[in-house]
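To start, the structure under review is shown below, and the notes come after it.
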Amino acid sequence: MAPSLTELGVRLPEPVLDHRPGEPVPEAEFIEAAMRWHFDPATGSPFWLRVADQLGFDPRRDVHSVADLAKFPNLVDLLREIPAHDLIPRGYGPDPGITGVYDSGGTTGPPKRVVFLDDWMDWLNDYLTADMTARGYPTGVDWLAVTPSGPHMFGAFLERAVRRVGRMRFTIDLDPRWVKRSIAEGRPDEADRYAEHLVDQATHVLTAQDIRIMVITPPLLERLARREDLVELVNAKVRIIEWGGAHLDADSRYLYMTEIFPEVALYGRYGSTMILGAAVERLGITAQDRCVFDPPSPYITFSVVDPDTGRPVEYGARGQVVMNHVSRSALLPNNLERDEATRVEPVPGSIQIGDSVADVAPLREFGGGTVIEGVY
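Structure below.
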């Protein structure tokens with residue numbers, strides 16, 4: 003007889019921690035179950051079990067809602083140095099199913115690292131595939147990804163997404179850290195030459211291949227749009243441009259949608275390695291509307307706060323973005339991001355918990371240093 007999951011060291015989570023995208027989840031029941039999972043010595047990760055004694059409160063007793071996640075200190079900077087394996091909850095047993103270890107972009111210092119487990123990557127793909135279907139993405143077509151790969155989650159997600167709904171995925175080598183380093187060290191010409199080199203590579207793929215969906219970062223889309231021959235080519239071939247990885251201002255978005263790429267649908271995603279995923283652009287918004295992102299709560303939630311007080315700003319006001327990731331595979335609460343945004347209410351009648359955000363833009367300074375976006 004095959005050994006049971008318990009005999010293999012695997013603990014089954016409470017059912018509320020596993021739900022399909024779009025299903026309503028009771029907030030308190032979900033958060034309380036997650037706290038029990040992550041802070042039980044039998045199921046929690048070595049990282050959180052070490053940290054628990056230093057918190058000054060008991061998450062299993064004192065945390066009941068997304069708002070209560072603000073009780074946690076922002077610990078993501080520790081992810082620059084700790085062994086990544088210490089982030090895996092013990093409840094998964096000796097074979098947790100590791101999709102990969104991925105780095106942050108390195109915008110605010112040495113990269114932070116997180117672990118994607120297979121069950122979370124599968125859920126994320128289900129969520130984003132459903133969103134693509136709702137937007138009418140063509141299936142069985144070729145994609146071009148002008149995005150980071152290697153240690154960055156952006157490329158890993160796209161690989162799986164195209165396997166599900168596409169035909170072939172063409173990629174461009176892109177090292178965003180070299181661009182940021184060149185800018186930081188006062189070598190903007192070198193950063194400029196490298197960015198043009200990336201667009202040259204994209205040009206060849208767009209010319210030679212039957213690309214219908216292009217995923218690109220806004221700084222590289224801007225460079226592509228400077229070339230009239232490429233603009234004409236994209237309008238003739240590409241049906242959807244998906245942007246992410248850096249901010250896109252409202253004026254540029256409007257011009258892309260109405261004047262530069264009028265034949266192409268343009269959609270954004272707002273993600274972060276520190277939430278192990280992304281929020282999607284609200285369905286149905288137009289070029290005249292502000293670009294609103296709705297997160298897939300309760301796993302990923304946003305709040306927009308006054309950076310001086312930490313308190314939520316009023317709806318319609320701007321503040322700094324705080325992100326939370328809470329799932330059975332990972333816990334990353336109360337992460338003060340390097341972005342500012344307008345606080346927006348969820349879609350009326352939706353199951354979303356927490357805030358939506360609009361008009362996201364990088365802060366000029368964060369963590370004592372200047373924020374350099376570069377190309378990602």
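Numbering of the sequence shown is given in this note's numbering, commencing with residue 3 and proceeding in unit increments.
Just so it is clear, CB atoms sit at the ideal spot from N, CA and C, and this is done for glycine as well.
Residues near residue i in its chain [Cβ-Cβ closer than 8 Å; skip 5 each side]
i      : result
Pro17  : none
Arg313 : Val307
Asn127 : Phe159, Arg162, Ala163, Arg166
Ile100 : Ile90, Val117, Phe118, Leu119, Asp120
Own chain residues within Cβ distance below 6 Å of residue i, not counting five before or after
i      : result
Leu71  : Asn326, Pro335, Asn336
Gly321 : Val306, Val307, Asp308, Val315
Leu226 : Val201, Leu232
Arg292 : Ala360, Asp361
Where residue i falls, given that 16 or more other Cβ within 10 Å makes a residue buried
i      : result
Thr219 : buried
Ser358 : buried
Asp133 : buried
His154 : buried
Thr303 : buried
Ile242 : buried
Glu375 : buried
His199 : exposed
Arg63  : exposed
Met276 : buried
Tyr272 : buried
Leu19  : buried
Thr288 : exposed
Pro26  : exposed
Identified DSSP bridge partners for residue i
i      : result
Val117 : Val103
Val217 : Ala147, Glu244
Thr173 : Ala147
Pro314 : Val307
Rounded distance between the beta-carbons of residue j and residue i, thought under 8 Å
i      : j      : result
Val116 : Leu89  : 7 Å
Pro61  : Phe41  : 5 Å
Leu235 : Thr209 : 7 Å
Val68  : Glu29  : 6 Å
Glu342 : Val323 : 7 Å
Arg340 : Val373 : 5 Å
Met37  : Leu146 : Contact doesn't hold; Cβ gap of about 42 Å is too wide.
Close beta carbons around residue i, own chain, < 7 Å, minus the five adjacent residues each side
i      : result
Val167 : Thr131, Met134, Tyr139, Thr141
Ser6   : Here Ser6 scores only 45 on pLDDT, less than 50, and its place in the model should not be relied on; the value that follows carries that caveat. So the list is empty, once near-sequence residues are dropped.
Ile262 : Ala227, Val233
Glu188 : In the sequence under discussion, the amino acid at residue 188 is Gly, which differs from the Glu named in the question. Around Gly188: no qualifying Cβ.
Ile355 : Glu29, Val68, Ser299, Pro300, Thr303
Could I get the ranges of all uninterrupted beta strand (DSSP E) runs contained in the region 321 to 373, with 3 residues as the minimum, in chain order? The qualifying runs are 333 to 346, 358 to 364.
Could I get the ranges of all uninterrupted beta strand (DSSP E) runs contained in the region 237 to 305, with 3 residues as the minimum, in chain order? Here the runs fully enclosed are 242 to 245, 267 to 274, 279 to 283, 294 to 296.
Contained beta strand (DSSP E) runs [length at least 3] in the region 27 to 112, N- to C-terminal order: Whole beta strand (DSSP E) segments, 3+ residues: 100 to 105.
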